[in-house]
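So for the sequence shown, our numbering puts the first residue at 31; every next one is plus one. Take a look at the structure set out below.
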Amino acid sequence: MPTAALGRARIATSGAFAAQGLLFTVLLTHLPQFKDRFGVSDGTVTLIVVMVTLIASLGSLASEALAARVSSWFALRLALVLAALSATAIGLAGELVLFVAAFAVYGVALGGVDAASNMQGVAVQHRYGRSVINSFHAAWSAAAIVGALYVAASEHLDLELGLSVGLAALVVLGLTIWPGNWLLPGATGPQESTAESDLPGFLSRGPLLLLGLAMAAYWAVDSGTSSWGAIYLTDVLHSSTSVAPLAYGAYQALALVSRLFGDSVVQRFGAARTIRGGALIGVAGTLLLVLAPGPALAITGFALAGLGLAVVPPLCFAAASARARSRLQSDQLVARLNVFNYLGALLGGALVGAVGSGLGLRTGFFLTVLLAASMLLLARAFTTRPAAA
């Protein structure tokens, strides 16, 4: 592929990641406004989030099937359009049942975009011949920060809820139409038509299972941090409500830094050593937030956790793809690995909260120390051979 075309494919893939990060964050940070619109409890909102997470795993598998039948290019663009349309429906819903139904459709799109965008990401990386996968996840993180700032601004300007979500959906559609045309085409042909039939069961292959566990462990830490970080600062460390959001803010900001420079680190030290080094930083960060006597050190701990662990998901996808024998098999492995994302997200917040309710949140957050430490044992799965085309 010509260098210019490959560069455009990288831009398009970054755009898809950014679209996903922006829209997901806009919807997530608007949940308090939706709660007020429909007069529902925190428990109802939690159930909706759990529903979306479960359905997203089905969306990931649907994306696998669509990529095998057509291409990941088609699966990604279709899922992005579905995400934009369902988000618009969420913003305009006047009845709770319509709101829940639209969110269910968004869950399918969420999983589809997650899987297909990473299929494109590892394909672009293979053609580059060096690590670029972290840069795509950096685009997601950067767009998520922009999304949070956008929602804050829309609330300050008293923008109508449906309009606020609709404008974000328009951005997603724009990124789907252009530069979506630059995405890599599917690799199809007789030599790949039987790739699915000889695909080993994911759980029957040791290294792939280890990658799945690493993916789940990361998202469990991420979920625990996003769900309980602010509450930990206010209830345990007695910070003000204005300081408490800085826990997750610091975590996300340093996660962005990690992903911006992650590819350079991988090129120099390799994926396995990068994971081990990141795990050590993650253990130090999570241990610091558990032992912190006050908010300042805890926020520093959250930041270090983001810095050390944020490279885990992109490197998981890259390592899984490197074990594939074809482009189609790579797409399938990426989609199946992506399901561990939602498993970890469901378990992380629930486990930290469950232990925290019985033994205190400080003890609950000790689980994140163990999860970060597990990366040291799982790092060997990131040693790979060259990927298939």
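Glycine is no exception: its CB is placed at the ideal position from the N, C-alpha and C atoms. The structure displayed is predicted, hence computed values, not measured ones.
In terms of residue numbering, what span does the alpha helix (DSSP H) encompassing Val138 cover?
-> As a working mapping, residue 138 is identified with position 108 in the sequence shown. Taken as a continuous stretch (DSSP letters only), the alpha helix (DSSP H) holding Val138 covers 126-158.
Inter-residue spacing [alpha-carbon to alpha-carbon] between Leu189 and Leu238 = Here residue 189 refers to the residue found at position 159 of the sequence shown. Here residue 238 refers to the residue found at position 208 of the sequence shown. Taking the straight line joining both Cα atoms gives about 46 Å.
Select from Gly210, Phe129, Val56 the residue whose C-alpha is nearest the C-alpha of Val181.
-> In the sequence shown, residue 181 corresponds to position 151, counting from 1. It is Val56 whose Cα lies nearest to the Cα of Val181.
Sort Ala340, Val152, Tyr158, Leu286 by Cα distance to Ala348 and report the nearest one.
-> Taking the sequence shown and counting its residues from 1, one reaches residue 348 at position 318. Cα-wise, what sits closest to Ala348 is Val152.
Sequence-distant residues of the same chain with beta carbon closer than 8 Å to Asp293, five excluded per side | Along the sequence shown, read from residue 1 onward, the residue named residue 293 stands at position 263. Excluding positions up to five away in sequence, the list reads Arg160, Ser161, Val162, Ile163, Asn164, Ser165.
Assigned secondary structure, His167 (DSSP; H/G/I helix, E/B strand, else coil) = By one-based count along the sequence shown, residue 167 stands at place 137. His167: helix per DSSP, three-state reduction.
Measure from the alpha carbon of Arg366 to the alpha carbon of each residue in Thr33, Ala97, Ser44, Arg67, then state which is nearest.
-> Taking the first residue of the sequence shown as position 1, residue 366 is located at position 336. Closest option to Arg366, Cα to Cα, is Ala97.
Helix, strand or coil: how does DSSP classify His268 here?
-> Taking the first residue of the sequence shown as 1, we reach residue 268 at position 238. Correct three-state label for His268: coil.
When Gly390, Tyr372, Val127 are compared against Leu247, the one with the closest alpha-carbon | Taking the first residue of the sequence shown as 1, we reach residue 247 at position 217. The sequence given here places Ala at residue 247; Leu does not occur at that position. Of Gly390, Tyr372, Val127, the residue nearest in Cα terms is Tyr372.
Have a look at Ala309, Ile329, Gly308 and flag the residue whose alpha-carbon is nearest the alpha-carbon of Leu318.
-> Position 288 of the sequence shown, counted from the first residue, corresponds to residue 318. Closest option to Leu318, Cα to Cα, is Ile329.
Could you give the DSSP three-state label for Val201: helix, strand or coil?
-> Within the sequence shown, the letter at position 171 stands for residue 201. Of the three classes helix, strand and coil, the one that applies to Val201 here is helix, per DSSP.
Note the first and the last residue of the continuous alpha helix (DSSP H) segment covering Ser248.
-> Counting from one through the sequence shown, the residue named residue 248 turns up at place 218. Checking the sequence shown, residue 248 turns out to be Tyr, not Ser. Per DSSP, Tyr248 belongs to the alpha helix (DSSP H) from 236-261.
CB-CB under 8 Å to Ala134, same chain, minus the five flanking residues each way: which ones, in chain order?
-> The residue labelled residue 134 in the question sits at position 104 within the sequence shown. Excluding positions up to five away in sequence, the list reads Met81, Val82, Ile85.
Beta-carbon gap between Leu397 and Gly177 smaller than 8 Å = Here the question's residue 397 lines up with position 367 in the sequence shown. Here the question's residue 177 lines up with position 147 in the sequence shown. Judged by beta-carbon spacing, Gly177 lies beyond the 8 Å limit of Leu397, meaning their Cβ atoms are not closer than that value.
If you draw a straight line from the C-alpha of Ser404 to the C-alpha of Ala244, how long is it?
-> Against the sequence shown, residue 404 aligns to sequence position 374. Against the sequence shown, residue 244 aligns to sequence position 214. Straight-line Cα distance between these residues: approximately 8 Å.
In the region 36-77, which residue ranges form an unbroken alpha helix (DSSP H) of at least 4 residues, counting only runs that do not cross its ends?
-> 61-68
Candidates Arg355, Arg289, Leu126, Ser44, of which the one nearest Gly210 by Cα | To locate residue 210, count along the sequence shown from 1; it is residue 180. Here the closest residue by C-alpha is Ser44.
In whole angstroms, what separates the C-alpha of Thr224 from that of Phe104?
-> Locating residue 224 in the sequence shown gives position 194, where the first residue counts as 1. Locating residue 104 in the sequence shown gives position 74, where the first residue counts as 1. Low per-residue confidence applies at Thr224: pLDDT is 45, beneath 50, and the placement is therefore not dependable enough to give any value.
Hey, how far is the Cα of Val202 from the Cα of Ala109?
-> Your numbering for residue 202 matches position 172 in the sequence shown. Your numbering for residue 109 matches position 79 in the sequence shown. For Val202 and Ala109, the distance between alpha carbons rounds to 11 Å.
State the Cα-Cα distance for the pair Val341 and Ala283, rounded to the nearest angstrom.
-> Position 311 of the sequence shown, counted from the first residue, corresponds to residue 341. Position 253 of the sequence shown, counted from the first residue, corresponds to residue 283. Going from the Cα of Val341 to the Cα of Ala283 covers about 13 Å.
Would you call Pro220 buried or exposed, if buried means 16 or more other Cβ atoms sit within 10 Å of its Cβ?
-> Position 190 of the sequence shown, counted from the first residue, corresponds to residue 220. Per-residue confidence for Pro220 stands at a pLDDT of 39, beneath the threshold of 50, marking its modelled position as unreliable; the derived number appears in the next sentence. By the 10 Å Cβ count, Pro220 comes out exposed.
Roughly how many angstroms lie between the CA atoms of Glu222 and Leu358, to the nearest whole one?
-> Taking the sequence shown and counting its residues from 1, the one referred to as residue 222 is at position 192. Taking the sequence shown and counting its residues from 1, the one referred to as residue 358 is at position 328. Its pLDDT being 48, under 50, Glu222 is placed unreliably in this model, and the value from its coordinates should be taken loosely. If you take the alpha carbons of Glu222 and Leu358, they lie about 7 Å apart.
Take the Cβ of Glu94 as the centre, count every other Cβ of all protein chains shown within 10 Å, and call the residue buried at 16 or more, exposed below.
-> As a position in the sequence shown, residue 94 is number 64, starting the count at 1. The residue is buried, with at least 16 neighbouring Cβ atoms inside 10 Å.
Take Ala199 as the anchor and find which of Ala113, Ser256, Ile207 has the nearest alpha-carbon.
-> Position 169 of the sequence shown holds residue 199. Selection Ala113, Ser256, Ile207 evaluated against Ala199 yields Ala113 as nearest (Cα-Cα).
Can you list, in chain order, the residues of its chain whose CB lies under 6 Å from that of Arg38, leaving out five sequence neighbours each side?
-> The count along the sequence shown starts at 1 and reaches residue 38 at position 8. Excluding positions up to five away in sequence, the list reads Trp212.
Name the two residues that bound the continuous alpha helix (DSSP H) containing Gly374.
-> Locating residue 374 in the sequence shown gives position 344, counting from the first residue. 357-389 is the extent of the alpha helix (DSSP H) around Gly374.
Under 8 Å by Cβ, that's how I've got Ala333 and Ala280 pegged, so tell me the actual separation to the nearest angstrom.
-> On the sequence shown, position 303 is the one that residue 333 refers to. On the sequence shown, position 250 is the one that residue 280 refers to. About 4 Å separates the two Cβ atoms, so the contact holds.
Minimum C-alpha distance to Val143 - residue among Thr271, Ser257, Asp361, Trp258 = Within the sequence shown, numbered from 1, the residue matching residue 143 stands at position 113. Measuring from the Cα of Val143, the nearest candidate turns out to be Asp361.
Where does Arg410 sit, in a helix, a strand or coil, going by DSSP?
-> Residue 410 sits at position 380 when you count from the first residue of the sequence shown. Here Arg410 sits in helix by DSSP.
Taking only the alpha-carbon atoms, compute the straight-line gap between Gly388 and Val266 and give it to the nearest angstrom.
-> For the purposes of this step, residue 388 is identified with residue 358 of the sequence shown, where counting begins at 1. For the purposes of this step, residue 266 is identified with residue 236 of the sequence shown, where counting begins at 1. Approximately 14 Å, taken between the alpha carbons.
Simplified DSSP state of Pro209, which is helix, strand or coil | Taking the sequence shown and counting its residues from 1, one reaches residue 209 at position 179. It is coil, neither helix nor strand.
Distance between Phe47 and Ala169 (C-alpha atoms, nearest Å) | Position 139 of the sequence shown holds residue 169. Position 17 of the sequence shown holds residue 47. Between Ala169 and Phe47, the C-alpha separation is close to 6 Å.
Under the rule that 16 or more other beta-carbon atoms within 10 Å means buried, what is Asp252, buried or exposed?
-> Counting from 1 along the sequence shown, the entry for residue 252 is found at position 222. The residue is buried, with at least 16 neighbouring Cβ atoms inside 10 Å.
Grouping DSSP H, G and I as helix and E and B as strand, with all else coil, what is Ser101?
-> Mapped onto the sequence shown, residue 101 falls at position 71. Ser101 falls in the coil class under three-state DSSP.
Count the other C-beta atoms from every protein chain shown that fall within 10 angstroms of the C-beta of Gln155, then say buried if there are 16 or more, exposed otherwise.
-> As a first step, residue 155 must be located in the sequence shown, where it is residue number 125. Per the 10 Å Cβ criterion, buried.
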